[in-house]
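**Q** Using this note's numbering, count along the sequence shown one by one with no gaps and you end on 619.
Where a beta carbon is used, it is the ideal one built from N, C-alpha and C, also for glycine.
Remember, it's a predicted structure, so these values are computed and weren't measured experimentally.
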Amino acid sequence: MIVYSEGCQILSSFARYYRACPQLARLLTGYVIHRLSHSLSNLMINPSPSLDSAVQIEPPLLEVKDFKVSYPGPLSWAVDGVSLSLQPGEKLGLVGESGCGKSTLGRAAMRLLPNGSRVEGKALFEGRSVIDFSAADLRKFRGEAVSLVFQDPMTRLDPLMTIGEHCLETLLAHQPQLDRKQAKDIAVATLASVNIPAERWSQYPHEFSGGMRQRVAIALALILNPKLIVADEPTTSLDVTVSAQILDMLTALCSKRNMGLILISHDLALVGEYCDRIAVMYEGKLVESGPKADVFYNPQAPYTQMLLAAAHQLQSAGAQNSAAATTKVKPILSLRKLTKHYTLEQGLLGRILRQEPPEPIRAVDCISLDLYPGEILGLVGESGCGKSTLSRTLLRIVEPTAGKIIFQGKDFAKLSRSDLQAKRRDIQMIFQDPHACLNPMMTIGRGIADPLLIHGLSSAADAKQKVHEMMKRVGLTPVEDYYDRYPGDISGGQQQRVAIARALITRPKLVVCDEPVSMLDASVQAQVLELMLALKDELALTYLFITHDLWVAKYLCDRIAVMSSGKIVEIGSTEQIFSAPAHPYTKTLLKAAPMLAKA
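(1) Along the chain, where does the alpha helix (DSSP H) containing TRP571 start, and where does it finish?
(2) At which residues does the beta strand (DSSP E) containing PHE565 begin and terminate?
(3) Cα separation between GLN448 and THR526?
(4) Unbroken beta strand (DSSP E) runs of length 3 or more, entirely within the region 98-178: which are they?
(5) Going by DSSP in three states, ALA344 sits in which element: helix, strand or coil?
(6) For the beta strand (DSSP E) containing MET449, list its first residue and its last residue.
(7) Return no unless some Cβ of chain C is closer than 9 Å to the Cβ of SER411.
(8) Which residues in the same chain as LEU472 place their Cβ atom closer than 7 Å to its Cβ, once the five residues preceding and following it in sequence are excluded?
(9) In the DSSP assignment, the alpha helix (DSSP H) including ASP205 goes from what residue to what residue?
(10) In this structure, how does DSSP classify ILE464 when only helix, strand and coil are distinguished?
(11) Let me know if LEU281 comes out buried or exposed under the rule of 16 or more other beta-carbons within 10 Å of its beta-carbon.
(12) Check whether the region 448-465 and the region 161-174 are in contact - that is, three or more C-beta pairs closer than 8 Å.
(13) Tell me, please, whether the region 584-603 touches the region 550-566 by the rule of three or more beta-carbon pairs shorter than 8 Å.
(14) In this structure, how does DSSP classify GLY231 when only helix, strand and coil are distinguished?
(15) Assuming ILE282 is part of the beta strand (DSSP E), what are its boundary residues?
(16) Can you name the start and end residues of the alpha helix (DSSP H) that HIS361 belongs to?
(17) In this structure, what does DSSP give as the bridge partners for LYS430?
(18) Is the beta carbon of ALA573 sitting closer than 9 Å to the one on PHE565?
(19) Taking the alpha helix (DSSP H) that LEU414 belongs to, which residues open and close that run?
(20) Report, in whole angstroms, the separation of the C-beta atoms of GLY495 and GLN547, which I expect to be a contact under 8 Å.
(21) Measuring CB to CB, does GLY126 end up less than 9 Å from ARG382?
(22) Using only CA atoms, which one of GLU535, LYS305, ILE425 lies nearest to ASP86?
(23) Within 10 angstroms of its Cβ, does LYS247 collect 16 or more other Cβ (buried), or is it exposed?
(24) With distances taken from CA atoms, which of ARG466, SER275, ASP252, CYS386 is nearest THR421?
(25) Under the three-state reduction of DSSP, which class applies to LYS88: helix, strand or coil?
(26) Counting Cβ pairs closer than 8 Å, one from the region 493-511 and one from the region 408-424, do we hit at least three?
(27) What would DSSP say about PRO604, mapped onto helix, strand or coil?
(28) Consult DSSP for ILE266 and reduce its assignment to one of helix, strand or coil.
(29) Check this for me: beta carbons of ALA384 and THR413, under 9 Å apart or not?
(30) Only counting the same chain, and skipping five residues up and downstream in sequence, which positions put a Cβ closer than 6 Å to that of TRP221?
(31) Along the beta strand (DSSP E) that carries ILE396, what are the first and last residues, could you check?
(32) Which of the three DSSP states, helix, strand or coil, is assigned to MET552?
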């Protein structure tokens with residue numbers, strides 16, 4: 021710029037010579053222009069150090085290039101040639117169906133793969149190769165630089181350690197300079213940020229609901245203030261209000277601390293609401309990536325278009341079931357003042373001092389409701405409100421404290437053990453966590469057939485044929501690829517399909533569904549819900565459908581009961597609940613529900 025300015029001043033000074041001696045003026049002008057051009061060329065070829073440093077580009081926070089991952093065994097790429105990057109403070113949503121490789125990609129970037137796995141390509145964190153990290157580098161990298169929030173917290177928490185001990189162990193392992201009081205203060209504040217009160221510091225993982233355990237997992241990921249959070253379905257088991265609180269907190273931390281976030285999910289509305297960019301995976305490949313507006317409103321890949329269409333169908337449709345009028349029909353299930361309280365043990369000091377025993381936890385508090393044949397009743401509410409406890413109590417998986425459970429005219433609470441066993445063929449349950457309810461030593465085919473054989477409903481040969489048909493219905497195809505595999509060999513979403521097939525194989529009269537599609541992507545959710553509707557009509561089934569996903573409840577259910585703090589605070593038709601909610605808590609749930617329209 022200085023050379024250019026001086027050249028212009030010289031040229032302007034020649035202007036007065038043009039009239040006196042035009043030839044000399046032209047000669048001098050040509051010389052100056054030549055020198056000016058030469059100086060500018062040198063400046064472009066050899067820029068000054070200050071200019072060079074001004075345009076220097078920082079490396080991405082995380083970058084993978086032509087990344088491939090294959091698990092031990094025959095070579096089969098679970099992640100196949102993926103390239104993407106993440107800048108500091110950026111939020112990337114990674115979506116795709118179960119088994120597409122999105123969770124594998126997140127774990128591989130942290131070198132959390134089984135021994136014998138094959139990895140090709142590059143994975144760089146702040147320009148350094150993660151693949152080449154030493155053991156000491158990896159220990160510091162995991163937790164302090166990058167933290168992973170797992171899909172299933174129960175398998176990651178030590179059942180013999182209290183929640184407080186988990187927090188202290190993590191902090192003191194990475195920050196040994198802290199004393200226990202300092203560490204506890206940090207841990208209590210972090211737990212409070214995910215709505216876990218200090219009073220629960222000394223409780224164990226099994227004393228928490230699924231959603232509460234997930235909050236603990238998120239707190240453990242945040243406790244060391246990492247630069248990047250890899251969140252693998254972090255709010256799958258949470259209700260919409262807590263999910264919104266957790267993700268609001270995570271995204272606020274990303275902005276405040278310039279922390280990156282990779283949000284792995286099957287929920288398009290969720291990632292659209294919280295992420296800057298979206299990457300779509302299918303069969304191990306990255307089929308589309310870009311700003312969320314481009315992906316949502318101008319998708320290029322056919323698979324992305326299909327996912328969006330399925331999600332729009334789920335959110336825009338009303339209840340698909342047309343149950344018969346219930347006014348003149350006798351209920352198939354009636355609960356009358358059903359109660360389940362848990363009594364906390366008093367400590368040794370409390371017993372010595374003869375203190376008053378602690379107040380019981382009122383998980384289910386005097387609930388009465390009717391469920392009619394052919395009906396789908398949705399039960400919604402926040403994690404820890406008592407939904408899952410209610411389902412286990414009415415099945416007598418846990419014994420009720422008080423109240424009646426009338427199923428097909430008989431009091432379930434008074435049946436003998438043998439009568440209860442016989443009656444359970446007519447009432448089955450799809451659990452929230454398929455990993456916990458499937459026998460890891462039993463093949464998928466044998467596991468689905470097991471209820472048929474236990475209740476003597478089929479011979480071994482007939483059972484195999486029925487299992488093949490059911491596996492096709494729930495999308496475990498080709499059947500030959502799944503029948504002899506084990507639950508640990510398949511993804512979480514595929515495990516959920518096995519659990520659904522196992523519950524429906526006995527053709528029960530009533531199915532209690534505890535978050536049966538919570539781990540499935542939008543397209544598979546729609547398929548499974550359509551399957552459940554078809555089976556309901558074909559087999560005269562009745563569903564008690566427990567969910568935190570209001571859009572799934574709207575799509576499937578005839579009536580919805582809203583539960584809070586162990587009580588049902590509102591019950592009514594699906595249309596009434598969504599169009600004219602009466603209770604403030606119901607209004608809060610509806611306001612917090614993620615929508616594609618918001619994204």
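**A** From the atom records:
(1) TRP571 -> alpha helix (DSSP H) spans 570-576.
(2) Here the beta strand (DSSP E) through PHE565 covers 562-566.
(3) Looking at the two C-alpha atoms, the distance is approximately 8 Å.
(4) Complete beta strand (DSSP E) runs here, min 3: 111-115, 138-145, 166-169.
(5) A caution first: ALA344 carries a pLDDT of 45, below 50, which makes its placement in the model too unreliable to give a value.
(6) Here the beta strand (DSSP E) through MET449 covers 447-450.
(7) Of the protein chains in the structure, only one exists, and it is not chain C.
(8) So the list reads SER478, ALA483, LYS486, ILE525, THR526, once near-sequence residues are dropped.
(9) Where ASP205 is concerned, the enclosing alpha helix (DSSP H) stretches over 200-213.
(10) In the three-state DSSP reduction, ILE464 falls in the helix class (H, G or I).
(11) Classification of LEU281: buried, given that the 10 Å Cβ count is 16 or more.
(12) Yes: at least three Cβ pairs fall under 8 Å.
(13) These segments do not touch.
(14) Three-state result, GLY231: helix.
(15) Bounds of the beta strand (DSSP E) holding ILE282 are 280-285.
(16) Run containing HIS361: none in the alpha helix (DSSP H); it sits in the beta strand (DSSP E), 353-362.
(17) According to DSSP, which records beta bridges pairwise, LYS430 is partnered with PHE427.
(18) Yes; because the gap between Cβ atoms is below 9 Å, this pair is in contact.
(19) It spans 407-414 - the alpha helix (DSSP H) in which LEU414 sits, taken as one unbroken run.
(20) A Cβ-Cβ separation of about 6 Å places GLY495 in contact with GLN547 under the 8 Å criterion.
(21) Not in contact: GLY126 and ARG382 (Cβ atoms no closer than 9 Å).
(22) Put simply, of GLU535, LYS305, ILE425 the residue whose alpha carbon is nearest the alpha carbon of ASP86 is LYS305.
(23) Label assigned to LYS247: buried.
(24) Relative to the Cα of THR421, the nearest Cα in the group ARG466, SER275, ASP252, CYS386 belongs to CYS386.
(25) Under the three-state reduction of DSSP output, LYS88 falls in the strand class.
(26) These segments do not touch.
(27) Collapsing the DSSP output to three states places PRO604 in a helix.
(28) ILE266: helix per DSSP, three-state reduction.
(29) One point to set straight first is that residue 384 is Val, not Ala, in the sequence displayed. At the C-beta level, VAL384 and THR413 come within 9 Å of one another.
(30) Only GLY184 meet the Cβ criterion.
(31) Residues 396-400.
(32) Looking at MET552 - three-state DSSP - the assignment turns out to be helix.
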